[in-house]
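**Q**
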Amino acid sequence: MVRANKRNEALRIESALLNKIAMLGTEKTAEAVGVDKSQISRWKRDWIPKCSMLLAGVEWGAGGGDMAGLAGPV
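Counting from 1425, one number per residue, gives the positions in the sequence shown under the numbering used here.
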C-alpha cells in the first residue's frame, strides 16, 4: 500500500513538472536551465520520471508548498 501511495505521488510530481515545462515551452525551459532544447526532451523521457520517484520517496511534496518552490525558478 505504501509503495502504491509513493508511486501515485511520483506520478503527481511528474505530471506537475511536465505541465510546467509544457506551459513554459521546451525552448524557454532549456534557456532557463542553460541546456539545449533537445536535452529537455531527453529529460522528459528519462530523468523526470526517476527524479519524481526520488522526490516522492523523500516526501518532497508532502507539505503541499514544495512543488511551487521546485518549479518556481523555472
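Ideal placement from N, C-alpha and C gives every residue a C-beta, glycine not left out.
In this text, all values refer to a predicted model and were calculated from it rather than measured experimentally.
(1) Within the continuous alpha helix (DSSP H) that includes Arg1431, where are the two ends?
(2) Suppose you measure from the CA of Val1457 to the CA of Gly1449; what does that come to, to the nearest Å?
(3) Quick one: grab the DSSP three-state call for Gly1458.
(4) Decide if Trp1471 is buried, meaning its Cβ has at least 16 other Cβ atoms within 10 Å, or exposed.
(5) Would you mind giving the Cβ-Cβ distance between Leu1441 and Ser1476, rounded to the nearest angstrom? I have them listed as a contact below 8 Å.
(6) What's the gap between the Cα of Ile1445 and the Cα of Leu1435?
(7) Among Leu1478, Trp1484, Glu1455 and Pro1473, which one has its Cα closest to the Cα of Glu1438?
**A** Once the coordinates are examined:
(1) Val1426 to Leu1448
(2) 13 Å
(3) coil
(4) exposed
(5) 7 Å
(6) 15 Å
(7) Pro1473
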